[in-house]
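Notes to accompany the following structure.
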Amino acid sequence: MRDLKTILPAIALCLAAIAVTFAFLNFRIYWMTDAEIHRHLPAGFLTHQVLYSVGASLCLIAISYSLSRIRDEQYEDLKHAANDRHARELDFHQKAINTHTIVSVTSPDCIFLEVNDNFVDVFGYSSKELIGKSQAMLYAHRHLDPAFQAINETVAEGRVWSGEEKMRSKSGEIVYVHTTVIPQHNEAGQHVRNVTMRTDVTAARKAEADHFLTMMLEELQDEVYIYDAETLKITYVNRSAQARCGWTPSEARKSSITDTAPNFDERMFRAHVAPLITEKVPVVTIEAMHPKGPVEIATRLMTGLDDKKLFVSVLRDISWRKQVEKAKMESVSVVSHELRTPLTSIKGSLRLLQSGVLGELNPKVKSIIDIASRNSDRLLMVVNDILDLEKIQANKMDFEMEPLDLCSLVTEAVEINQGFADEHGVTFHTMLPEEPAMIRGDADRLMQVMTNLMSNAVKFSPTDGIVTLIVRQNAGYWRLSIRDKGPGIPEKARSTLFKSFAQTTPIDGRKREGTGLGLVIVKTILKFHSSVIDFRSEVGVGTEFFFDVPAHVESAAKRPRLAMVKES
Amino acid sequence: MLEDIPPTPEQSASNKEQDMSLSRILHVDDDEDIRTIVQLALEVVGSFDVMQFSNGHEAVAAAQGFAPQLLLLDVMMPEMSGLDVWKSIIAMPGLSHVPAIFVTAKAEDEFSRGLVTDGALAVITKPFDPMTLAQDVNDIWERAMRKAG
Chain A
1 MRDLKTILPA IALCLAAIAV TFAFLNFRIY WMTDAEIHRH LPAGFLTHQV
51 LYSVGASLCL IAISYSLSRI RDEQYEDLKH AANDRHAREL DFHQKAINTH
101 TIVSVTSPDC IFLEVNDNFV DVFGYSSKEL IGKSQAMLYA HRHLDPAFQA
151 INETVAEGRV WSGEEKMRSK SGEIVYVHTT VIPQHNEAGQ HVRNVTMRTD
201 VTAARKAEAD HFLTMMLEEL QDEVYIYDAE TLKITYVNRS AQARCGWTPS
251 EARKSSITDT APNFDERMFR AHVAPLITEK VPVVTIEAMH PKGPVEIATR
301 LMTGLDDKKL FVSVLRDISW RKQVEKAKME SVSVVSHELR TPLTSIKGSL
351 RLLQSGVLGE LNPKVKSIID IASRNSDRLL MVVNDILDLE KIQANKMDFE
401 MEPLDLCSLV TEAVEINQGF ADEHGVTFHT MLPEEPAMIR GDADRLMQVM
451 TNLMSNAVKF SPTDGIVTLI VRQNAGYWRL SIRDKGPGIP EKARSTLFKS
501 FAQTTPIDGR KREGTGLGLV IVKTILKFHS SVIDFRSEVG VGTEFFFDVP
551 AHVESAAKRP RLAMVKES
Chain B
569 MLEDIPPTPE QSASNKEQDM SLSRILHVDD DEDIRTIVQL ALEVVGSFDV
619 MQFSNGHEAV AAAQGFAPQL LLLDVMMPEM SGLDVWKSII AMPGLSHVPA
669 IFVTAKAEDE FSRGLVTDGA LAVITKPFDP MTLAQDVNDI WERAMRKAG
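Going down the list, the sequences are from chains A and B. Residue numbers for the first sequence follow the working numbering, beginning at 1 and rising by one. Residue numbers for the second sequence follow the working numbering, beginning at 569 and rising by one.
And the structure:
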């Protein structure tokens with residue numbers, strides 16, 4: 001068929017040539033006289049002339065048709081070629097868009113109709129999880145998210161929305177995208193869908209943030225040192241650190257953290273930072289004296305981009321903090337003086353009256369004096385506990401750590417608290433090992449701990465009750481337990497037991513005297529002995545408070561394998 | 569004219585015993601109520617001869633006439649602190665040996681240790697028990713005397 005189409009013009013040309021010849025002949029005949037016609041032309045020639053004219057016309061028509069066909073064919077070919085090229089280009093553009101852009105098509109009410117592969121890759125949802133769902137699922141504040149609302153308002157007005165959005169992937173990670181939302185309308189002008197194109201700019205934003213952080217680090221007054229956790233070679237120091245060490249940036253990168261101070265003790269330093277690796281503690285802090293004043297050095301362990309372990313040390317000037325601490329201690333000291341001096345007079349007066357050295361009191365007066373005396377004792381207890389807590393918090397409480405026998409300390413504590421136990425009709429029982437339970441601690445502070453726990457146990461014991469103190473070995477530690485047969489600690493009170501001023505009414509409803517600070521002080525003092533206070537309690541049965549103190553190393557060799565306990 | 573007769577060994581022992589036993593205490597405190605409590609505690613509960621002053625200047629002026637064996641001094645006082653009073657008294661002829669016990673409401677261990685380092689016999693913390701104060705002061709005195717030989 002195609003060949004026929006190409007032959008047709010040739011045939012048409014031949015017919016056209018014949019037609020032109022006949023036309024020429026006709027032209028000649030037209031200008032001939034009748035005599036010339038009769039002389040030159042045979043009879044019937046004119047009839048033939050008419051036929052030839054008709055034939056010529058047909059030929060011309062055929063030529064016109066052929067030419068028109070040729071033109072149509074060529075046009076069609078060109079059209080097909082153009083369409084193919086256009087389709088290829090469109091396909092190419094779509095591929096380019098799909099490669100670079102996150103594309104989604106949503107209904108006017110923001111329900112996903114289509115998403116491209118990029119969308120799935122970036123947000124982590126499968127297309128099945130998205131189609132039919134609201135786009136709001138990708139915003140931190142869902143339908144109430146300001147960006148989500150701004151887009152809806154803009155496209156509803158038929159305008160294109162363009163801007164940056166903060167969205168969330170399926171895994172919860174933040175994705176920053178630059179977005180253009182184009183509303184699409186049908187021929188009737190109805191808003192039928194939105195085509196949204198997004199570009200993931202998270203990496204760029206992170207890079208900006210990193211750059212900003214670096215700038216911030218540079219401007220920090222605190223000195224920042226980042227160095228290899230193994231070799232201690234410096235990878236980064238900020239401007240403040242460079243200034244103190246007198247380094248240029250390139251000199252800093254050739255240095256080690258050990259070069260930061262002339263008397264840097266690497267062994268001590270490694271011992272200081274060891275808990276970051278061995279115990280996974282988040283930060284280790286040390287205070288040091290800098291030529292310009294006191295400083296605090298906080299060190300953390302971090303993982304670099306190449307999985308290298310890095311230490312990050314921040315050296316902070318704490319002169320101001322020290323001044324505040326000093327001022328605080330001074331104010332505590334003043335309060336202490338101002339409260340203790342009148343208390344001396346009150347307690348002293350009451351004590352002299354109670355003793356009878358100033359004359360016998362009648363029973364009614366004596367009972368009132370007793371009330372005043374008890375309450376002045378209570379007030380003093382509060383003042384002392386607050387002062388102790390302040391001292392501990394300000395690191396002003398002295399701890400004279402020395403080898404101690406925990407058993408001797410328990411025996412002494414029983415003697416000291418015997419009077420208080422007698423007042424409440426309570427008996428102390430001790431169960432102690434035969435050999436010394438050597439620990440390292442501050443005798444006075446541990447006595448404070450024991451007195452606190454023992455007085456609590458006494459206060460909560462029934463009359464004629466027994467408080468038992470047990471010392472026993474516990475895997476490299478000596479454990480002291482103090483058991484009472486009191487009402488037990490209610491479940492709801494357990495979580496706040498070691499918080500300041502936490503006092504609850506026990507099951508039996510009887511309120512006991514106390515400041516609500518005792519157990520906080522106990523916990524803090526024990527912390528300085530690498531020990532933690534804990535308890536077991538059963539309502540209606542009793543309570544056992546216990547703590548483990550590391551056994552003193554020197555005594556370890558002398559200790560028998562198993563400690564026998566005796567009751568006294 | 570009587571000659572100075574050297575004391576017999578018995579007399580020496582008796583004199584020494586007299587010196588060893590505490591009787592005269594000079595007490596300085598700016599708080600009148602505390603002075604009252606201390607007077608009752610040392611004179612009624614204990615049996616000491618106590619001279620009291622509300623400030624350091626008066627105490628220093630009267631010190632030589634009273635010839636105290638022991639000073640009981642409040643630490644924080646206006647004008648002259650307890651430490652200043654002690655330093656002024658031991659600078660006087662014949663009183664250089666007089667020891668001091670300080671009374672303070674300050675709770676810091678460091679502060680108390682500093683006073684003992686400066687030569688104080690002891691530091692008693694307020695509030696003290698008036699019923700045991702005399703005994704406590706006497707115990708501290710005797711311990712110091714034994715130590716001094």
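Beta carbons: idealized from backbone N, C-alpha and C, even for Gly.
Own chain partners of residue i with C-beta closer than 6 Å, once the 5 adjacent residues on each side are dropped
i: N118(A); result: I102
i: S680(B); result: V691
i: D222(A); result: V314, R316
i: S656(B); result: V628
i: R479(A); result: R472, F546, D548
i: T180(A); result: S162, M197
i: D617(B); result: S591, R592
i: R142(A); result: A136
i: L562(A); result: Summary for L562(A): the model assigns pLDDT 33, below 50, so the residue's position carries little reliability; its value from the coordinates is reported in the next sentence. Taken in chain order, the list of residues that qualify is empty.
i: R300(A); result: V283, V312
i: E114(A); result: V105
Residue-chain proximity (residue i, chain B), Cβ-Cβ < 8 Å
i: T451(A); result: no
i: S345(A); result: yes
i: V365(A); result: no
i: S355(A); result: yes
i: A556(A); result: Unreliable placement is indicated for A556(A), whose pLDDT of 42 sits below 50; the coordinate value is still reported in the next sentence. Cβ-Cβ to chain B under 8 Å: no for A556(A).
Other residues of its chain near residue i: CB distance less than 8 Å, five sequence neighbours each side excluded
i: D598(B); result: S622, N623, D642, M645, P646
Short CB-CB distance (under 8 Å) between residue i and chain A
i: D686(B); result: no
i: D704(B); result: no
i: I658(B); result: no
i: F621(B); result: no
i: V613(B); result: yes
i: P698(B); result: yes
i: D599(B); result: yes
i: I593(B); result: no
i: A631(B); result: no
i: I605(B); result: yes
i: K674(B); result: yes
i: F616(B); result: no
i: I692(B); result: no
i: I602(B); result: yes
i: P667(B); result: no
One or two residues paired with residue i in a DSSP bridge
i: L404(A); result: I439(A)
i: A298(A); result: T285(A), V314(A)
i: D617(B); result: R592(B)
i: D548(A); result: R479(A)
i: V103(A); result: M197(A)
i: F112(A); result: T106(A)
i: I257(A); result: Beta-bridge pairing links I257(A) to no other residue.
Chain-order list of residues whose beta-carbon lies under 7 Å from that of residue i (same chain, five-residue window excluded)
i: L620(A); result: Examination of residue 620(A) is not possible in this model, given that chain A is present from 1 through 568 alone.
i: D572(B); result: With a pLDDT of 41 at D572(B), under the threshold of 50, the modelled position of this residue cannot be trusted; read the value that follows with caution. Hits under 7 Å: none found.
i: Y176(A); result: E164, K166, V201, T202, R205
i: S134(A); result: C110, I111
i: S376(A); result: L343, I346, K347, L350
i: V365(A); result: none
i: W709(B); result: L590, L638
Proximity test, residue i beta-carbon vs the ligand MN heavy atom, cut-off 7 Å
i: S455(A); result: Absence of the ligand MN from the depicted structure is noted, as is the absence of any ligand whatsoever, leaving it without description.
Residue i at chain E interface by Cβ criterion, 8 Å
i: L610(B); result: Looking at the structure shown, chain E is missing, and the protein chains on hand are A and B.
Taking contact to mean 3 or more Cβ pairs, one atom from each stretch, closer than 8 Å, check whether the stretch 218-229 of chain A and the stretch 305-315 of chain A are in contact.
yes
Is the stretch 413-423 of chain A in contact with the stretch 452-459 of chain A, if contact means three or more CB pairs nearer than 8 Å?
yes
Should the stretch 232-240 of chain A be regarded as contacting the stretch 252-272 of chain A, the criterion being three or more beta carbon pairs within less than 8 Å?
yes
In the stretch 324-353 of chain A, which residues sit with their C-beta less than 9 Å from some C-beta in chain B, listed in chain order?
M329, V332, S333, S336, H337, E338, L339, R340, T341, P342, L343, T344, S345, I346, K347, G348, S349, R351, L352
Does the pairing of the stretch 522-533 of chain A with the stretch 462-469 of chain A give three or more beta-carbon distances under 8 Å?
no
Validate contact between the stretch 352-359 of chain A and the stretch 607-614 of chain B using beta carbons, cut 8 Å, 3 pairs:
yes
Would the stretch 398-406 of chain A and the stretch 436-452 of chain A be scored as touching if the rule is three or more Cβ pairs under 8 Å?
yes
When Cβ atoms are compared, which residues of the stretch 639-654 of chain B fall closer than 7 Å to chain A?
M644
Three CB pairs or more closer than 8 Å across the stretch 62-74 of chain A and the stretch 83-93 of chain A:
no
Contacting positions in the stretch 372-385 of chain A - beta carbon closer than 7 Å to chain B:
L380
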